[in-house]
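**Q**
Residue numbers (UniProt numbering): 1 to 251.
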């Protein structure tokens, strides 16, 4: 369980997050949705301790992140950010090995290399494994960064807009990988999505945010209604059921 207790966040006295209390269940795919500036990315960064907690507490599987050693926390939670700064002259394979640092502490073992080889295959990156990062297309780089998070092999995975720069095929493939990580490996996946139809298709649980507040949270059926989505995004939204799946229409 991720327990978020009375967490808020300010920048230069401007509130980015209003006080939030929320439990994020384990073994589920959890989608954070909402308009730009809602505070979704800030919330992810606070959970991963990339931003310092100003008020409140976040407890991940019984560990208060305020008091948890950095390397120990890195064994429990991994994050994919929108603007990850990494050395461009690393190769794809080397980046995945680097993600294993909390385990090998600079001395990679056979197990680390085996895990990275499996991740390369799962993300269909074998053919670019020896390419330098600065030679990759936007989509290849996005998939590589997602693979890096998986190489860290944590029970909780956070992803901030992971579908950016991905075409339809690769976006679908990534969502299927995330879905399998939950169903087959028991991981908790929390991700920011702008296309609510991906949330409708793949998520177990949805958190809808706007203006630094949580407006709704619950199952996809509870949150992704025409009335709630229209109010959340301030545009007309309709929904329909197709082959037992909910579709959200807003074009």
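Just so you know, even glycine gets a beta-carbon here, dropped at the ideal spot from N, CA and C.
None of these values were measured; they are calculated from a predicted model.
1) Which runs of the beta strand (DSSP E) fall wholly inside the stretch 38 to 80 and span at least 3 residues, in chain order?
2) On a CA-only basis, which of 250, 74, 81, 156 is nearest residue 104? Give me that one, please.
3) Return the chain-ordered list of same chain residues with a C-beta closer than 6 Å to the C-beta of residue 123, the five sequence neighbours on each side being excluded.
4) Along the chain, where does the beta strand (DSSP E) containing residue 10 start, and where does it finish?
5) Can you grab the Cα-Cα spacing for the pair residue 20 / residue 238, in whole Å?
6) From the DSSP output, in three-state form, read off residue 94 for me.
7) Mind checking whether residue 157 and residue 78 have CB atoms under 8 Å apart?
8) Quick one: grab the DSSP three-state call for residue 198.
9) Would you report the Cα separation of residue 95 and residue 226, rounded to the nearest angstrom?
10) Is it buried or exposed for residue 205, if we count other Cβ within 10 angstroms and need 16 for buried?
11) In terms of residue numbering, what span does the alpha helix (DSSP H) encompassing residue 230 cover?
**A** For this structure:
1) Runs of the beta strand (DSSP E) inside the stretch 38 to 80: 55 to 60, 77 to 80.
2) Measuring from the Cα of residue 104, the nearest candidate turns out to be 74.
3) Only 143, 147 meet the Cβ criterion.
4) Secondary structure note for residue 10: its beta strand (DSSP E) is the uninterrupted segment 2 to 11.
5) Using only the alpha carbons, I get a separation of about 29 Å.
6) Note: residue 94 maps to helix in three-state DSSP.
7) In this structure, residue 78 lies closer than 8 Å to residue 157 by Cβ.
8) Helix at residue 198.
9) So the two alpha carbons sit approximately 42 Å from each other.
10) Residue 205 comes out buried.
11) Its alpha helix (DSSP H) spans residues 226 to 233.
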